[in-house]
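Undergrad:
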Amino acid sequence: MNEKHTFLVDENLLGLVRWLRMMGFDAASFKALSDDELLKIAYHQKRILLTKDRLFFARMPENLGYLVQSEEPEDQLVEVLKHYRIMPDENALSRCFKCNTPIEEIDRDKVKDKVDAKTFSIYQSFFWCPHCQKVYWEGSHFSKMQNKVEEVRKACKFDE
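So the sequence shown is numbered by UniProt numbering: it starts at 1 and just counts up by one.
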(Lines of atoms letter the chains of each structure in order from A and count residues from 1; the text may use other names and numbers.)
(Lines give C-alpha, C1' and ligand atoms only; values in the text may rest on other atoms or scores of the structure.)
Protein backbone atom coordinates (compact mmCIF):
# COMPACT_ATOMS: atom_id res chain seq x y z
CA MET A 1 0.00 0.00 0.00
CA ASN A 2 1.31 3.49 -0.85
CA GLU A 3 -0.05 5.21 2.25
CA LYS A 4 3.26 5.00 4.09
CA HIS A 5 5.03 6.94 1.34
CA THR A 6 3.74 10.49 1.32
CA PHE A 7 5.46 13.29 -0.50
CA LEU A 8 5.78 17.06 -0.42
CA VAL A 9 6.95 18.45 -3.74
CA ASP A 10 8.47 21.92 -3.98
CA GLU A 11 7.51 24.31 -6.78
CA ASN A 12 10.54 23.28 -8.87
CA LEU A 13 8.90 19.88 -9.44
CA LEU A 14 5.22 20.65 -9.97
CA GLY A 15 5.11 18.42 -13.06
CA LEU A 16 6.04 15.47 -10.85
CA VAL A 17 3.02 15.99 -8.57
CA ARG A 18 0.50 14.82 -11.18
CA TRP A 19 2.56 11.70 -11.90
CA LEU A 20 2.82 10.78 -8.21
CA ARG A 21 -0.92 11.24 -7.78
CA MET A 22 -1.62 9.17 -10.89
CA MET A 23 0.35 6.34 -9.29
CA GLY A 24 -1.78 6.62 -6.15
CA PHE A 25 0.69 8.43 -3.91
CA ASP A 26 -0.30 11.18 -1.50
CA ALA A 27 1.65 14.08 -3.02
CA ALA A 28 1.15 17.59 -1.65
CA SER A 29 2.43 20.77 -3.25
CA PHE A 30 2.18 24.41 -2.29
CA LYS A 31 3.11 27.43 -4.35
CA ALA A 32 4.98 30.36 -2.87
CA LEU A 33 5.97 28.83 0.46
CA SER A 34 9.36 29.54 1.95
CA ASP A 35 11.90 26.78 2.35
CA ASP A 36 11.40 26.91 6.12
CA GLU A 37 7.64 26.48 5.74
CA LEU A 38 8.15 23.48 3.46
CA LEU A 39 10.55 21.93 5.95
CA LYS A 40 8.03 22.37 8.78
CA ILE A 41 5.23 20.78 6.75
CA ALA A 42 7.42 17.86 5.70
CA TYR A 43 8.58 17.27 9.26
CA HIS A 44 5.17 17.55 10.96
CA GLN A 45 3.28 15.58 8.30
CA LYS A 46 6.10 13.03 7.96
CA ARG A 47 6.37 13.62 4.21
CA ILE A 48 9.36 13.04 1.96
CA LEU A 49 10.34 16.46 0.61
CA LEU A 50 11.31 16.35 -3.07
CA THR A 51 13.29 19.19 -4.63
CA LYS A 52 15.65 20.07 -7.46
CA ASP A 53 17.12 22.98 -5.49
CA ARG A 54 20.63 21.92 -4.43
CA LEU A 55 21.07 24.72 -1.88
CA PHE A 56 17.71 23.93 -0.27
CA PHE A 57 18.53 20.22 -0.19
CA ALA A 58 21.90 20.94 1.46
CA ARG A 59 20.07 22.71 4.32
CA MET A 60 17.61 19.87 4.93
CA PRO A 61 17.91 17.63 7.96
CA GLU A 62 19.22 14.20 7.03
CA ASN A 63 16.62 11.78 5.64
CA LEU A 64 13.90 14.44 5.30
CA GLY A 65 14.13 14.83 1.55
CA TYR A 66 15.54 13.82 -1.77
CA LEU A 67 17.34 15.82 -4.47
CA VAL A 68 15.81 14.86 -7.82
CA GLN A 69 18.27 14.76 -10.71
CA SER A 70 16.06 14.00 -13.73
CA GLU A 71 14.57 16.76 -15.87
CA GLU A 72 11.35 15.27 -17.24
CA PRO A 73 8.44 14.55 -14.87
CA GLU A 74 8.03 10.92 -15.95
CA ASP A 75 11.77 10.31 -15.50
CA GLN A 76 11.61 12.08 -12.13
CA LEU A 77 8.83 9.72 -11.07
CA VAL A 78 10.81 6.61 -11.96
CA GLU A 79 13.91 8.05 -10.26
CA VAL A 80 12.04 8.74 -7.00
CA LEU A 81 10.27 5.38 -6.96
CA LYS A 82 13.52 3.51 -7.63
CA HIS A 83 15.37 5.52 -4.97
CA TYR A 84 12.78 4.62 -2.32
CA ARG A 85 12.26 1.13 -3.77
CA ILE A 86 8.52 1.56 -4.04
CA MET A 87 6.20 0.39 -6.75
CA PRO A 88 2.85 1.75 -7.91
CA ASP A 89 0.21 -0.64 -6.60
CA GLU A 90 -3.54 -1.12 -6.62
CA ASN A 91 -3.96 2.49 -5.47
CA ALA A 92 -2.92 3.83 -8.87
CA LEU A 93 -5.54 6.17 -10.34
CA SER A 94 -7.22 6.57 -6.94
CA ARG A 95 -6.43 10.23 -6.18
CA CYS A 96 -7.68 13.50 -7.57
CA PHE A 97 -5.03 14.87 -9.91
CA LYS A 98 -6.12 18.40 -9.05
CA CYS A 99 -6.19 18.43 -5.23
CA ASN A 100 -4.73 15.08 -4.06
CA THR A 101 -7.89 13.85 -2.26
CA PRO A 102 -8.81 10.16 -2.68
CA ILE A 103 -11.63 9.87 -5.23
CA GLU A 104 -14.82 7.93 -4.56
CA GLU A 105 -17.39 6.20 -6.70
CA ILE A 106 -20.54 8.29 -6.98
CA ASP A 107 -24.09 7.45 -7.97
CA ARG A 108 -24.48 8.12 -11.69
CA ASP A 109 -27.57 10.28 -11.24
CA LYS A 110 -25.66 12.68 -8.98
CA VAL A 111 -23.29 13.67 -11.79
CA LYS A 112 -25.88 14.17 -14.53
CA ASP A 113 -25.60 17.96 -14.30
CA LYS A 114 -21.81 17.87 -13.88
CA VAL A 115 -20.86 16.14 -17.15
CA ASP A 116 -21.99 16.69 -20.72
CA ALA A 117 -24.96 14.68 -21.99
CA LYS A 118 -22.88 12.54 -24.36
CA THR A 119 -20.48 11.48 -21.59
CA PHE A 120 -23.41 10.74 -19.30
CA SER A 121 -25.10 8.57 -21.94
CA ILE A 122 -21.95 6.58 -22.77
CA TYR A 123 -20.53 5.81 -19.31
CA GLN A 124 -22.17 4.00 -16.43
CA SER A 125 -19.57 4.46 -13.66
CA PHE A 126 -18.41 7.79 -12.33
CA PHE A 127 -16.03 8.86 -9.60
CA TRP A 128 -15.64 12.21 -7.94
CA CYS A 129 -13.44 14.13 -5.60
CA PRO A 130 -15.36 15.01 -2.43
CA HIS A 131 -13.05 18.00 -1.88
CA CYS A 132 -12.92 19.85 -5.21
CA GLN A 133 -15.95 18.12 -6.81
CA LYS A 134 -14.06 17.09 -9.97
CA VAL A 135 -15.80 14.20 -11.75
CA TYR A 136 -13.90 11.30 -13.34
CA TRP A 137 -14.99 8.42 -15.57
CA GLU A 138 -13.26 5.55 -17.33
CA GLY A 139 -13.12 7.10 -20.80
CA SER A 140 -10.60 6.48 -23.57
CA HIS A 141 -7.95 8.28 -21.53
CA PHE A 142 -8.36 5.73 -18.72
CA SER A 143 -6.80 2.85 -20.66
CA LYS A 144 -3.93 5.15 -21.69
CA MET A 145 -3.31 5.97 -18.03
CA GLN A 146 -3.49 2.28 -17.07
CA ASN A 147 -0.87 1.57 -19.75
CA LYS A 148 1.30 4.37 -18.37
CA VAL A 149 1.03 2.90 -14.85
CA GLU A 150 2.17 -0.46 -16.24
CA GLU A 151 5.10 1.20 -18.07
CA VAL A 152 6.20 2.84 -14.83
CA ARG A 153 5.93 -0.50 -12.98
CA LYS A 154 8.20 -2.10 -15.58
CA ALA A 155 10.66 0.81 -15.43
CA CYS A 156 10.81 0.49 -11.63
CA LYS A 157 11.86 -3.16 -11.53
CA PHE A 158 14.52 -3.41 -8.87
CA ASP A 159 17.79 -5.27 -9.14
CA GLU A 160 17.68 -7.71 -6.23
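Note that beta-carbon positions come from the ideal geometry of N, C-alpha and C, so glycine has one too.
Drop a sphere of 10 angstroms on the beta-carbon of residue 84, count the other beta-carbons inside from all chains shown, and report buried for 16 or more, exposed for fewer.
TA: Indexing the sequence shown from 1 puts residue 84 at position 84. When all chains shown are included, residue 84 counts as exposed.
Undergrad: Nearest CA to the CA of residue 177: which residue from 35, 4, 19?
TA: Any property of residue 177 remains undetermined from this structure, which presents the chain solely from 1 to 160.
Undergrad: Do you know whose CA, among 81, 25, 64, 138, lies nearest residue 70's CA?
TA: Here residue 70 corresponds to residue number 70 of the sequence shown, with the count starting at 1. Residue 81 is the option with its Cα nearest to residue 70.
Undergrad: Could you check where the beta strand (DSSP E) with residue 97 kicks off and where it finishes?
TA: Start at 1 with the first residue of the sequence shown, and residue 97 comes out as number 97. From DSSP, residue 97 is part of no beta strand (DSSP E); its letter is neither H nor E.
Undergrad: Here's the rule: buried if 16 or more other CB atoms are within 10 angstroms of the residue's CB, otherwise exposed. What is residue 132?
TA: On the sequence shown, position 132 is the one that residue 132 refers to. With fewer than 16 Cβ atoms within 10 Å of its Cβ, residue 132 is classed as exposed.
Undergrad: Of the choices 12, 106, 146, whose alpha-carbon is the least far from that of residue 29?
TA: In the sequence shown, the residue the question calls residue 29 occupies position 29. Ranking 12, 106, 146 by Cα distance to residue 29 puts 12 first.
Undergrad: Please classify residue 8: is it buried, with 16 or more other beta-carbons within 10 angstroms of its beta-carbon, or exposed?
TA: The sequence position of residue 8 within the sequence shown is 8, counting from 1. Residue 8 is buried by the Cβ-count criterion.
Undergrad: Counting Cβ pairs closer than 8 Å, one from the stretch 99-108 and one from the stretch 122-139, do we hit at least three?
TA: yes
Undergrad: Am I right that residue 111 and residue 23 are in contact with their C-beta atoms under 8 Å? What's the rounded C-beta distance?
TA: Position 111 of the sequence shown holds residue 111. Position 23 of the sequence shown holds residue 23. Contact doesn't hold; Cβ gap of about 25 Å is too wide.
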